[in-house]
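**Student:** Below is one structure. I have some questions about it.
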Amino acid sequence: MQSWRNSTGGIIDRSRHLSFTFDGKRLSGHPGDTLASALLANGIHLVGRSFKYHRPRGIVGSGVEEPNALVRLGKGGSVEPNARATTTELFDGLVASSQNRWPSLAFDVGALNSVASGLIPAGFYYKTFMWPAKAWTFYERFIRRAAGLGQAPEEPDPDVYEKRYAHCDVLVVGAGPAGLQAARAAARSGARVIVADEQAVPGGSLLGEHVTLDGVAGQEWPDSVRAELESMSDVTLLTRTTVVGYYNHNFLVAVERVTDHLPAGESALPRQRLWKIRARHVVLATGAIERPLVFPGNDLPGVMLASAVRAFANRWGVRCGARAVVFTNNDSAYRSAIDAADCGIHVTTIVDCRAAPRGRLVEEAHSRGIDMMAGSAIAGVEGRKRVRGVAISSLDESAPAALRKECDLVMMSGGWNPTVHLASQSGTRLAWDESLATFVPGDAATHQTSAGAAAGTFGLVECLRSGALAGTEAAARTGFDGEAPAVPEVEGDTGDGALDLEAFWHRPASPRDGKAFHDLQNDVTTADVALATRENYVSVEHFKRYTTTGMGTDQGKTSGVNGLAILASLRGEAIPAVGHTTYRPFYTPVTIGALAGIETNGDLYDPVRKTPMHTWHEKNGAHFEDVGQWKRPYCYPRAGETVDEAVQRETLAARTSIGILDASTLGKIDIQGADAAEFLDRIYTNMFSTLKVGRCRYGLMCRDDGMVFDDGVTARIAENRFLMSTTTGGASTVLNWLEEWLQTEWTDLEVYCTSVTTHWAAIAVAGPKSRALVSELTRADLSAEAFPFMAWRDADIAGIAGRIFRISFSGETGFELHVPASYGLALWRNLMTAGEKYGITAYGTEAMHVLRAEKGFIIAGQDTDGTTTPHDLGMSWIVSKKKKDFLGMRGLSRPDTLREDRKQLVGLLADDSAVVIPEGAHVSPQPAARPPVPMEGWVSSSYMSPNCGRSIALALVRRGHDRIGEEVAIPLENGIVRARIVKPVFFDEEGARLRG
Amino acid sequence: MAEHWQRQSPLTHLGLSAHDKNETSAASLVMAELRFLAKVTLRGRIPGESVRTALGVSLPGEPNTVMTGNNLSALWLGPDEWLIVGPPDAERAMTGQLAKALPGTAVVDVTEGRTTIRTRGPMVLDILAMGCPLDLHPRAFGPGRCAQSTLGRSPIILHQVDGAPLFDIHVERSQADYLWTWLETAGRPYGVAVEAVTAPPAWRRPAPRRYPGAFPPFAPSPSRQPTRGATVPARSVPSS
Amino acid sequence: MMLIPCPWCGDRLDAEFTCGGEAHIVRPDPATASDAEWADYLFMRKNPKGVHHERWFHAHGCRRWFHITRDTVNHRILAVYAITDSAPEAAG
């Protein structure tokens, strides 16, 4: 029974009924309803409990400004907490429930907070939970339970989200009267236009008014504009779309609720779409929000914004109460009172702060028999879960005591705040407008125009005119000239927009009158402002955080100006002198799903890079690891084998028969040009100009501070052409590094660098039988004499034109085979087949790490940390003393890099050869001192080595090179491991296998 | 041993040919992989004429535009960098020809480094906009334009082939699988179809004497639309 | 979220770029630079509130370095100039 719904009026479809539940109770509404209008039509005002004191709260507004009616929608993984009932479109089967109450909305245990409210003022948590420090873990449990509003769903979100970029000449935010006019003006000029409006249909305030424009009902006029806009190919009209953020250079973010208004499963389209819009000019036609008045008891269900009561009456045909008292300081509430009366609400009294309100609206209200009480204010509200009456007293102190009026509805209006959030986010400063007693946008900080009520222009005709001008001007600024559309002939609204407002912020009251809230959502009262002031939190930014005014989803929509005004009055200063806090994104809450878009799909979270041999690795049971974005086989466990066992087997195979590794991920850069050799001499610490064509050399790269940042083997392909290899993770960093020096510093060098990382598939073949195997697949002479260590050559390998490099990262006789990437898999399979008789074993990155660590070969980024020099690594041999300059040369002679107590690379052998010291463990002197233990270094690499028959480790240890043989201690969570410092090479120190 | 010789594109494992019988007329996004297109980068200060003589296609001087000719497309990548895209197996002849005609210029065969995803369909602009920050509106982009940017989280080279519109996305080989999945996922609510993939051509060494004559005609099978002429449209973006 | 004017590609989203920090840092002659001069070159950077000359690299575009002059307060871009050019006088 929608007993509070009128049988006519509004723009709802009474012929259809939509069934929904609120806290399990089945109710009904009509298409066109919001959850709020449907609840009110069913006579439900109590919809939630307040944040801190758990006070009963009702619907206050009719749109995005709603601070109280935050509900939980849906069930399971689709649950959305903190949805505003006033912006939630009703659909058949909607499930909504109230929040912040236990066990029920009507009886809430948390309401005891309200009784104890004197004990939890602003800053309560800061002051209380400070001491003793150890008790924090105890306090935290309680604070966590009390903190936050609503409950996040725990299941995965089943919905699909989308995000996209968009570009336009003119973006119009808001499709109310000003926005529609602006859009029409800009669109007619030929500009590319996007119009975004948060509601289901355009029209904004027109939807809640009784006027005609050019003879068409105001609630229908927007349809004609919509039709015009939708007929133009370069105009996009987005409804159900809230612009939530305004970023640098006119980049705005909007959220379109694509299917939120539909029952689940009705559409395959995404639930929401995030728009990232770059606009050359922005028209902000975001309207204005009516300001509540601050008086004791102003939070009781039944106290509503006057404009909201009017909108519920005109747009939804809903009466918000039976008997209303209006409380205002300006003229606009009179229009609301008249419309409420027309809707069937008995408006008994208008309480007006102003001493002598006058004008047409005042007379009209008077003529309807509404009582006027000028120079008065509401001093208190009676009722527990709903307004039952108000106490009214004169603002003149000498007047007699309060007068009581019975009512179930209070309509309040403290004036209007232009919705300046987006303007402020963009950097536009706000200016104080004394006559409106609010902030309006000042000079635009960017290509932006505020229009209509958002600019402080009230009155329908003025808004229509302002919008048309703004749209024309915006288009012209982007190079599209057109004439401003005519302002429609308006009938019904005869106001000129003047509010004739007299500021009324608050009235000092005694605590027994009840709490007066300026921030309903965060439960902040005038007493909290007074406390903050007494405690010297007087800067607006401090004040905001200390009292939590304007936080949460409210973002100052209803609370902002009132809070500042009360602070100013308590500080005894003018409001502009106090200033305002900076508005920040988001204007309304944004779901995480919308921000993630399709990247919520795990496969798309980040690109997964795959080598040409990836499918083979998958089929052969590879256990993958992520190296940057690459998937690399870590090892290939066989049936019944653990990861560790597989690594041991693979490591052993590479030194006893043949190991084969997919090395395609290593960075490869083609470097060409007349000055290529000179360039490499400057980039590497060692000399490359002396390298002969057909040979390779290992090189170390330092930053200009002398710290190692990458390494790899570079081959001379031709006199002026080299092929550089880099670490897997360093490929793009190194390429960018080379470009940076070429373009910004050594512009005289003629050198060109091109990434060929993914052009080549690379396969490392290592082990005593490797020469025999590779020789089977090529006619090239691979004997040690004809093709020595560090040579390379072009060759046909298994019929594929490629290159063979005689290089090795394992310390074994080894070959690296490069073929065009699309033949990588073919060659790999070929090698596996041909190598079967030798016991060929594919090995992964971990075996590669063990093999190189056995030889003491470093991995840049693992055994270096950005503060490691070549000398620290014991690699002074690679630092040229002949070159006049190279990157890092001067850095290596800085006093800090010459320090003798630097951390240096050493080997570590645990006393217990079965113990593998964890990487990252600290190294401390022996015997272990009492805590705090001095930290002298850390373990950078540590493995079980099957070829050494024991565990091995590399570490960076202070003054390590002088401490070979010394005993050290590795303190771990469950005891101390004793170890000895050794030279960082554990296998084949002479390198006979490498060169053989 | 025959399978060992199979030349594999990075999307081979998706078995795209199994999907190419889908109805494409209803799809909002139609995708195909153009495999093994020859790709050669050219770097240096190069007189445009010399390339035209060598290959039959001129180098575009205008940033982010494409010149076409002789079944080749020359894409501007930077003030001293171009990518020349040709039919499969043409890379050896192209690099040989360029190296001969332009001594001292950096000519690099990058054929294998990328594959090409061809996209078209009534919603192709919307779906590209879901991950690409470029403005692809006809007033800002158009046939004969190219750009390097990102799509999803992958770096791409985008080439608008015609006004249908049809876009070729050259993506790094290692990320092709990711980007294909990304596009399929983005288009899924609206309908995606896969078109026939060009059959992998046989590996053969092109006869050098055929150049600088005509390259084998390259008619991309998915769209059956010829590559547009060599005219480069004037930039119609209002300068901002 | 900024729109960076690449001298070659036009206005592009900042995500395509890498900012290379303060511009016009001169690399001293390593043969003659004192430790203090070298440290200054390596580590010391301006962090002005206001006009800042900086280097940008169009990493996901044409891969060119260039200079811009940007007001760090409001992100207004006051000048775009070649990587080899010195700072324009007018832009402060």
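Chains as they are written, first to last, in my numbering: chain A, 304 to 1299; chain B, 564 to 803; chain C, 557 to 648. Backbone N, C-alpha and C define an ideal beta-carbon position, used for all residues, glycine too.
Using a Cβ-Cβ distance under 8 Å, would N627 of chain B count as near chain C?
**Tutor:** Chain C contact via Cβ: present.
**Student:** Could you check which residue in A:F846, A:V1209, A:T651 has the C-alpha nearest to that of I1161 of chain A?
**Tutor:** Of A:F846, A:V1209, A:T651, the residue nearest in Cα terms is A:V1209.
**Student:** At a CB-CB cut-off below 9 Å, which residues of chain A make contact with L559 of chain C?
**Tutor:** Those are N551, H552, N553, F554, R581, listed as they occur along chain A.
**Student:** Taking Cβ positions only, does H733 of chain B come closer than 8 Å to chain C?
**Tutor:** Chain C, which has no Cβ nearer than 8 Å to the Cβ of H733 of chain B, makes this no.
**Student:** Can you tell me the Cα-Cα spacing of D316 of chain A and F615 of chain A, whole angstroms?
**Tutor:** Distance between the alpha carbons of D316 of chain A and F615 of chain A is about 15 Å.
**Student:** Near S322 of chain A, which residues of its chain fall below 8 Å by C-beta distance, leaving aside the five closest residues on each side in sequence?
**Tutor:** Here the set comprises R329, L330, S331, D395, G396.
**Student:** Looking at chain C, is there any beta carbon in it that lies within less than 8 Å of the beta carbon of S712 of chain B?
**Tutor:** Closer than 8 Å: yes.
**Student:** Please go through the same chain and pick out, in chain order, the residues whose beta-carbon is closer than 8 Å to the beta-carbon of C471 of chain A, but skip the five residues on each side of it.
**Tutor:** Answer for C471 of chain A: A494, R495, V496, I497, T539, I580, R581, A582, R583, listed in chain order.
**Student:** In the DSSP assignment, find the beta strand (DSSP E) that holds A677 of chain A and state where it starts and stops.
**Tutor:** From DSSP, the beta strand (DSSP E) with A677 of chain A extends over 674-677.
**Student:** When the cut-off is 8 Å and only beta carbons count, does H700 of chain B lie next to chain A?
**Tutor:** Taking Cβ atoms only, chain A reaches closer than 8 Å to H700 of chain B, which makes this a yes.
**Student:** With a cut-off of 8 Å, does the C-beta of N904 of chain A fall near any C-beta of chain D?
**Tutor:** This model lacks chain D altogether; the protein chains it does include are A, B and C.
**Student:** How would you write the range of the alpha helix (DSSP H) that M950 of chain A sits in, first residue to last?
**Tutor:** Reading the sequence as shown, one finds Val at residue 950 of chain A and not Met. It spans 946-959 - the alpha helix (DSSP H) in which V950 of chain A sits, taken as one unbroken run.
**Student:** Nearest to F1289 of chain A by alpha carbon, out of A:A1217, A:V585, A:E1222, A:L1212?
**Tutor:** With distances taken between Cα atoms, F1289 of chain A lies closest to A:L1212.
**Student:** I think A1150 of chain A touches K466 of chain A, with their Cβ atoms under 8 Å apart; what is that distance to the nearest whole Å?
**Tutor:** A1150 of chain A to K466 of chain A, Cβ: 42 Å. No contact.
**Student:** At a Cβ threshold of 8 Å, is A647 of chain C touching chain A?
**Tutor:** Confidence at A647 of chain C is low in this model, with a pLDDT of 49, below 50, so the placement of that residue is unreliable and no value is reported for it.
**Student:** Considering only C-alpha positions, which residue in the set A:A499, A:A640, A:N633, A:Q824 is nearest to A611 of chain A?
**Tutor:** The shortest Cα separation from A611 of chain A among A:A499, A:A640, A:N633, A:Q824 belongs to A:A640.
**Student:** Give the C-beta separation of Y753 of chain B and M686 of chain B to the nearest angstrom, bearing in mind that I take them to be a contact with Cβ-Cβ under 8 Å.
**Tutor:** Confirmed, Cβ separation roughly 5 Å.
**Student:** At 8 Å on the CB atoms, spell out the chain C contacts of R1197 of chain A, in chain order.
**Tutor:** Here the neighbours are D591, W594, A595.
**Student:** Distance check for R657 of chain A and L698 of chain A, CA to CA, integer angstroms please.
**Tutor:** Approximately 9 Å between the Cα atoms of the pair.
**Student:** Measure the C-alpha to C-alpha separation of R1082 of chain A and A1129 of chain A and round it to an integer number of angstroms.
**Tutor:** Cα to Cα, R1082 of chain A sits roughly 18 Å from A1129 of chain A.
**Student:** Using the three-state DSSP reduction, which class does G511 of chain A fall into: helix, strand or coil?
**Tutor:** Helix.
**Student:** Scan the segment 1034-1063 of chain A for residues whose Cβ lies nearer than 8 Å to a Cβ of chain C and list them as they occur along the chain.
**Tutor:** Within the segment 1034-1063 of chain A, the qualifying residues are N1039, E1042, E1043, Q1046, T1047, E1048, T1050.
**Student:** Rounded to the nearest angstrom, what separates A300 of chain A and A669 of chain B at their Cα positions?
**Tutor:** Residue 300 of chain A falls outside the range modelled here, since chain A spans only 304 to 1299, and no answer is possible.
**Student:** Is the separation between the beta-carbon of I609 of chain B and that of L622 of chain B shorter than 8 Å?
**Tutor:** Yes, they are a contact pair.
**Student:** What are the boundary residues of the beta strand (DSSP E) that includes T894 of chain A?
**Tutor:** No beta strand (DSSP E) holds T894 of chain A; DSSP gives it neither H nor E.
**Student:** Report the neighbours of W621 of chain C on chain A: residues whose CB is nearer than 8 Å to its CB, in chain order.
**Tutor:** E1042, E1043, Q1046, T1047, listed in chain order.
**Student:** Hey, does E465 of chain A have any beta-carbon neighbour from chain B nearer than 8 Å?
**Tutor:** Answer yes: the Cβ-Cβ gap between E465 of chain A and chain B drops below 8 Å somewhere.
**Student:** Label T1027 of chain A either buried or exposed according to how many other C-beta atoms from any shown protein chain fall within 10 Å of its C-beta, with 16 as the threshold for buried.
**Tutor:** The amino acid at residue 1027 of chain A is misidentified as Thr; the sequence shows Met. Burial call: buried.
**Student:** Where does W405 of chain A land, buried or exposed, given buried means 16+ other C-beta within 10 angstroms?
**Tutor:** So W405 of chain A ends up on the exposed side.
**Student:** Using 10 angstroms around the beta-carbon of D585 of chain C, count the other beta-carbons present and answer buried if the total reaches 16, otherwise exposed.
**Tutor:** D585 of chain C should be labelled exposed.
**Student:** Quick one: Cα of A595 of chain B to Cα of T674 of chain B, how far?
**Tutor:** Going by the C-alpha atoms only, they are around 18 Å apart.
**Student:** Give the straight-line distance between the Cα atoms of L342 of chain A and D326 of chain A, rounded to the nearest whole angstrom.
**Tutor:** Their Cα atoms are separated by approximately 12 Å.
**Student:** Could you tell me the distance, in whole angstroms, from the CA atom of W594 of chain C to the CA atom of F1012 of chain A?
**Tutor:** So the alpha carbons of these two residues sit roughly 19 Å apart.
**Student:** Against chain A, does F573 of chain C count as a neighbour if the rule is that its beta carbon must be under 8 Å from one of theirs?
**Tutor:** Cβ-Cβ to chain A under 8 Å: no for F573 of chain C.
**Student:** With a cut-off of 8 Å on the beta carbons, I'd call H750 of chain A and N553 of chain A a contact; round off their distance for me.
**Tutor:** Contact flag correct, Cβ pair sits at about 6 Å.
**Student:** Determine the chain C residues that contact G1194 of chain A at a beta-carbon separation under 8 Å, and present them in chain order.
**Tutor:** Result: W594, L598.
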